[in-house]
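Worksheet: the structure to be examined is printed underneath.
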Amino acid sequence: MRVQLPLINTVHGRSALTCRFRCGDACFHPAPNTSSNPYVGDVIATALSRRSMMRAAAVVTVAAAAGTAGTVVTAPSAEAAAQQARPKPTGKAARGLRFTPVAPNTADTVTIPAGHSQNVVVRWGEPILRGAPAFDPDRQTAAAQAGQFGYNNDFLALLPLPGERGRQILVANHEYTDEVLMFRGYDAADPTREQVEIAWAAHGLSAVVVEENKKNGALTVVPRHHLNRRVTATTAFRLTGPAAGSDLLRTSADPTGRKVLGTLNNCSGGTTPWGTTLHGEENFNQYFANAGRATDKRYGIGTGASERKWERFDKRFDVAQEPNEVHRFGYVVELDPYDPSSAPRKHTALGRFKHEGATVRLTPDGRPVVYSGDDERFDYFYKFVGGKRMKHGSSRAVREHNLSLLDEGTLYVARLTGDSPALEIDGTGKLPADGEFDGGGEWIPLVTATAKGAVSHVEGMTADEVCVFTRLAGDKVGATKMDRPEDIEPNPHSGKVYVALTNNTNRGVGTSAPADEANPRNANKHGHILELTERWNRADSTTFAWTLFLVAGDPEDPATYFAGFPKDAVSPISCPDNVAFDPHGNLWISTDGNQLGSHDGLFGVATKGERRGELKQFLTVPTGAETCGPLVQDRRVLVAVQHPGEISGATVEKPASTWPDGPGKIVRPAVVAVWRKDGSDIGV
Numbered sequence: 154m155r156v157q158l159p160l161i162n163t164v165h166g167r168s169a170l171t172c173r174f175r176c177g178d179a180c181f182h183p184a185p186n187t188s189s190n191p192y193v194g195d196v197i198a199t200a201l202s203r204r205s206m207m208r209a210a211a212v213v214t215v216a217a218a219a220g221t222a223g224t225v226v227t228a229p230s231a232e233a234a235a236q237q238a239r240p241k242p243t244g245k246a247a248r249g250l251r252f253t254p255v256a257p258n259t260a261d262t263v264t265i266p267a268g269h270s271q272n273v274v275v276r277w278g279e280p281i282l283r284g285a286p287a288f289d290p291d292r293q294t295a296a297a298q299a300g301q302f303g304y305n306n307d308f309l310a311l312l313p314l315p316g317e318r319g320r321q322i323l324v325a326n327h328e329y330t331d332e333v334l335m336f337r338g339y340d341a342a343d344p345t346r347e348q349v350e351i352a353w354a355a356h357g358l359s360a361v362v363v364e365e366n367k368k369n370g371a372l373t374v375v376p377r378h379h380l381n382r383r384v385t386a387t388t389a390f391r392l393t394g395p396a397a398g399s400d401l402l403r404t405s406a407d408p409t410g411r412k413v414l415g416t417l418n419n420c421s422g423g424t425t426p427w428g429t430t431l432h433g434e435e436n437f438n439q440y441f442a443n444a445g446r447a448t449d450k451r452y453g454i455g456t457g458a459s460e461r462k463w464e465r466f467d468k469r470f471d472v473a474q475e476p477n478e479v480h481r482f483g484y485v486v487e488l489d490p491y492d493p494s495s496a497p498r499k500h501t502a503l504g505r506f507k508h509e510g511a512t513v514r515l516t517p518d519g520r521p522v523v524y525s526g527d528d529e530r531f532d533y534f535y536k537f538v539g540g541k542r543m544k545h546g547s548s549r550a551v552r553e554h555n556l557s558l559l560d561e562g563t564l565y566v567a568r569l570t571g572d573s574p575a576l577e578i579d580g581t582g583k584l585p586a587d588g589e590f591d592g593g594g595e596w597i598p599l600v601t602a603t604a605k606g607a608v609s610h611v612e613g614m615t616a617d618e619v620c621v622f623t624r625l626a627g628d629k630v631g632a633t634k635m636d637r638p639e640d641i642e643p644n645p646h647s648g649k650v651y652v653a654l655t656n657n658t659n660r661g662v663g664t665s666a667p668a669d670e671a672n673p674r675n676a677n678k679h680g681h682i683l684e685l686t687e688r689w690n691r692a693d694s695t696t697f698a699w700t701l702f703l704v705a706g707d708p709e710d711p712a713t714y715f716a717g718f719p720k721d722a723v724s725p726i727s728c729p730d731n732v733a734f735d736p737h738g739n740l741w742i743s744t745d746g747n748q749l750g751s752h753d754g755l756f757g758v759a760t761k762g763e764r765r766g767e768l769k770q771f772l773t774v775p776t777g778a779e780t781c782g783p784l785v786q787d788r789r790v791l792v793a794v795q796h797p798g799e800i801s802g803a804t805v806e807k808p809a810s811t812w813p814d815g816p817g818k819i820v821r822p823a824v825v826a827v828w829r830k831d832g833s834d835i836g837v
């Protein structure tokens, strides 16, 4: 029996506090994309409806619950209907998912399956650099924070450390700061310079060596290791690619347009086959004030003061004084964790938008392909196909070559289409002449960069304009509007690409496309996951097919779909965010903003075989927290517990959570490792 738990001080599944500090109340502003480009909900709903009317005998809902707008019932394809009706498989769960699922709950802790143990690997404020002091919440300084683990850990990567047995390099994003949960007596209307400078130092990235305890599976920090590093909002970065040096990127502090201080709002990311990490700058818009241009509006940059008031202490955050500084954020950042003296790079060739992350696979001839979603209602998802081949080896020359791989290549944006003439696709659900609708799509080129220069493929825009105003380029070429495209991950076993679409409660609201029988995704509050198969399964293909893999929500709701797996045997899930794969090819999904009343968590789902679609919850996170990371190794799962205690009205003095250190201690974001008590592989 499932118990529906009450939502706690949330708005659209997130606390109002989260909306303020993480994304600048993005859901309460009009969607920046006002283009007439097609909306993916229409494409999905029409595809399922049309195919079903010819081929399905049973009528089953396969689109997300309509929320407040009423559920629309459509039928899936014959294949999907057969899967939906198939009996529950007997025997064991898919290899990698053989654990007892955690029940939905609202416990203020990390809840894990029976037979497993956990430890906190590293917390906000723990010293990782030489000379950094122990954390003291009442005696914080910017200098101390610059040597300590940053705030609100998100993306995680673990890289091997040759020559040091049992050790790895942990790299973490620090997306944003919750000043009201960091400082006693914080006055949001009048922050101090010291508080602002501490926040600058708490943003960015951390690289820290961790060591495995062979006896119990725990990971612990190796402090003062020579590879440990902090990157903050004031660290020097290199701008690379087609827009580097452009007039659009030059400021009074940097007339070259090639050097920028800091990285902001790093959300998810990825690791590269050449041993670096990628980090997506997401909601950078919220840090800037006093904007007014149409290009600023398209990126959601406000016309008044910013939430944190940073513009009072550094004019680069004031668009009126430094109009180009904002153009220097919103990129994919690359870090070399093996060289702590190297300057991180911002790759303009991968475009400027709200990058949720950046994940990589190689073409058959060894060129990198990077997938990235633009996390905004009605925005797009992209891929970059590199023009140079990766080299193997560890020499300085090889590493320098590989660090330039993301500067040359072609940036594409996705357009989802069908196989029928446009006039036959009228949104009413009327069958086209061929009697079916198959999902497909194409990658539309935006800009190509080579060693000799860059060429724009967008009429009326130069190459550097495409790289700096990538959203506008997507508008111009007719990219398909998506429901907050977040993490995009290629399956290393099958090559299929999975796109997490978190939600879009604006669907069917106001002037947004309305719901009807052919478009059941009105007020999409639970989200869904698309599965893309690129032509010939090649990463450099310019066409693909798509299918709906998972439509989130309570399995007892007929308007949910789990790849055809019997719904009485799956865990409820809402708002998919970050995704990852385990060594067996299962997709693991972390959630953000659960609309089912329980805390966010981490889920594993089989992607192949008779158990395809079997989804099981592995853990839940504490009150107010979001599940980030995640990393799934043979014998260990890591998650980043982000913004615990982030509930409306919570402060240092009135905490909503006491995790991870208990009553009387300040709440602290942290990284958690989970392993089996018997030392065996996870889920086998």
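Numbering (the working numbering), first residue to last: 154 to 837.
Using N, Cα and C, we set each Cβ at its ideal position, and we do this for glycine too.
With a 10 Å radius around the Cβ and a threshold of 16 neighbouring Cβ atoms, Thr187 comes out exposed. In the three-state reduction of the DSSP assignment, Asp518 falls in the coil class. Of the candidates Thr655, Leu323, Pro395, Thr655 places its Cα closest to the Cα of Ile641. Arg283 is positioned such that its CB atom lies no closer than 8 Å to that of Arg382. In the three-state DSSP reduction, Glu350 falls in the helix class (H, G or I). Excluding its 5 nearest sequence neighbours in each direction, Ala355 has C-beta neighbours in its own chain below 7 Å: Gln298, Gly303, Tyr304, His327, Thr330, listed in chain order. Per DSSP, reduced to three states, the secondary structure at Gln795 is strand. Shown here, Trp427 sits in coil according to DSSP, grouped into three states, outside any helix or strand. Straight through space, the alpha carbons of Gly300 and Arg391 are spaced by roughly 22 Å.
Taking C-beta atoms under 8 Å as the contact rule, Pro822 and Trp277 qualify, at a distance of about 5 Å. If you look at His379, you'll find it isn't in any beta strand (DSSP E); DSSP assigns it neither H nor E. Counting the other Cβ atoms within 10 Å of the Cβ of Lys634 gives 16 or more, which makes it buried. Boundaries of the beta strand (DSSP E) harbouring Arg829: 823-829, taken from the DSSP string. It is roughly 50 Å from the alpha-carbon of Lys462 to the alpha-carbon of Arg248.
Distance from the CA of Leu569 to the CA of Gly592, rounded to the nearest whole angstrom, comes to 7 Å. Of all C-beta pairs linking the segment 241-258 to the segment 801-814, fewer than three are shorter than 8 Å, placing the two stretches out of contact.
Our two residues, Glu279 and Ala287, have alpha carbons roughly 6 Å apart in a direct line. Arg318 is positioned such that its CB atom lies no closer than 8 Å to that of Val363. The Cβ atoms of Gly433 and Gly445 do not sit closer than 8 Å to each other. When DSSP states are grouped into helix, strand and coil, His500 belongs to the strand group.
In the three-state DSSP reduction, Asn657 falls in the strand class (E or B). Phe482 sits in coil when the DSSP states are folded into three classes, being neither helix nor strand. Residue burial annotation: Pro315 is exposed, with fewer than 16 other C-beta atoms found within 10 angstroms of its C-beta. Around Val479, the same chain offers Phe437, Asn438, Phe441, Ala444, Asp449, Tyr452, Ile454, Val472 as residues with beta carbons nearer than 8 Å, after the five sequence neighbours per side are excluded.
DSSP places Leu334 in the uninterrupted alpha helix (DSSP H) bounded by 332-335. Proximity of the segment 744-753 to the segment 775-785 meets the contact definition, three or more beta-carbon pairs being nearer than 8 Å. Excluding its 5 nearest sequence neighbours in each direction, Val650 has C-beta neighbours in its own chain below 6 Å: Pro643, Leu685, listed in chain order.
Judged by beta-carbon spacing, Phe756 lies within the 8 Å limit of Ser724, meaning their Cβ atoms are closer than that value.
Sixteen is the threshold: since fewer than 16 other Cβ atoms of the shown chains lie within 10 Å of the Cβ of Thr345, the residue is exposed. Per DSSP, His327 lies in no alpha helix (DSSP H) segment; the continuous beta strand (DSSP E) that holds it begins and ends at 320-327. The straight-line gap separating the alpha-carbon atoms of Pro808 and Leu625 is approximately 42 Å. With fewer than three CB-CB distances shorter than 8 Å, the segment 400-419 does not count as touching the segment 512-527. Annotated as proximal: Leu401 and Val621, with beta-carbon spacing under 8 Å.
Residue pairing of Gln298 in beta bridges, as defined by DSSP: absent, with no partner found. Between Ile682 and Ala722, the C-beta gap is not smaller than 8 Å, which leaves the two residues out of contact.
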